[in-house]
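Chains as they are written, first to last, in our numbering: chain L, 6 to 120; chain R, 1089 to 1199.
Written out below as structure tokens is the structure these notes cover.
As structure tokens, then:
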């Protein structure tokens, strides 16, 4: 099976702009989560989507939003970019078959730089 | 709420030496615990997971971890380090479907 894919891999934006990142989960995986990784704050959970619904949300401002489509692909959007939004954004998927498959499989990430 | 603590942000070993990366968890319920590895400019790769089936868990690349409830620990070990093991390692716990990560340990392997 193909792994989790994320596009684009690298992105440079200017403060105040908005950005959309895309994630395609492993085939058959219905849950998609997003994480932000920075040197200062480490790995932080943004949100999780399942069946096109946001199921869980981390402590991030409303500028961070996401959605999931019927094919489980997901996008996250950051509006009014700030310098502190520069980070590696990681997408992860898991089967969520109701069992103990809590492990998540990560994509390569999108490196966002805000100037 | 669950938390995960990794002791030591940097660990250096010689090639062929034992690797020991420490992780302690804080949880009021039996946890699901994981170790991930991250190579430069890449995402996270799952090394192994603990889901209460067995306290000694074997993972990929020769790594294993032992769950010790009495010590609330889930340390990662490998008997003999290879140069290719140099990377950053993250311990994580699962809470309501989200992963709670430790701060990471960077492993350096010297020839």
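We treat Cβ as the ideally placed atom computed from N, Cα and C, and that holds for glycine.
- Non-local beta-carbon contacts of residue 1183 (chain R) in its own chain, meaning distances under 6 Å to residues more than five positions away in sequence, involve 1090 in chain order.
- Residue environment analysis places residue 1098 (chain R) among the exposed positions, since fewer than 16 neighbouring C-beta atoms fall within 10 angstroms of its C-beta.
- Within chain R, the C-beta atoms nearer than 7 Å to that of residue 111 (chain L) come from 1131 and 1132, in chain order.
- Listed along chain L is no residue with a C-beta nearer than 8 Å to that of residue 1143 (chain R); the closest approach is about 16 Å.
- Residue 1169 (chain R) counts as buried, since no fewer than 16 other beta carbons sit within 10 angstroms of its beta carbon.
- Chain R places a beta carbon closer than 9 Å to that of residue 53 (chain L), counting this residue as a contact.
- Sixteen is the threshold: when 16 or more other Cβ atoms of the shown chains lie within 10 Å of the Cβ of residue 1162 (chain R), as they do, the residue is buried.
- Rounded to the nearest angstrom, the Cβ distance from residue 1189 (chain R) to residue 108 (chain L) is 13 Å, too far for a contact under 8 Å.
- By alpha-carbon distance to residue 6 (chain L), the top candidate from L:110, L:118, L:49 and L:93 is L:110.
- Residue 97 (chain L) has a beta carbon lying within less than 9 Å of a beta carbon in chain R.
- Here residue 1159 (chain R) carries a helix assignment [DSSP, helix/strand/coil].
- The shortest CA-to-CA distance from residue 57 (chain L) to any of L:49, L:69, L:35 and L:39 is the one to L:35.
- Burial state of residue 94 (chain L) is buried, judged by a 10 Å Cβ sphere holding 16 or more other Cβ atoms.
- At a cut-off of 9 Å, the C-beta of residue 63 (chain L) has a neighbouring C-beta in chain R.
- One alpha carbon belongs to residue 1193 (chain R), the other to residue 1093 (chain R), and they sit about 10 Å apart.
- Contacts with chain R at 9 Å (Cβ-Cβ) do not include residue 16 (chain L).
- Close partners of residue 60 (chain L) in chain R (Cβ separation under 8 Å): 1185.
- Here residue 114 (chain L) is not bridged, per DSSP, to any residue.
- For residue 1130 (chain R), no beta strand (DSSP E) run applies, since DSSP gives it neither H nor E.
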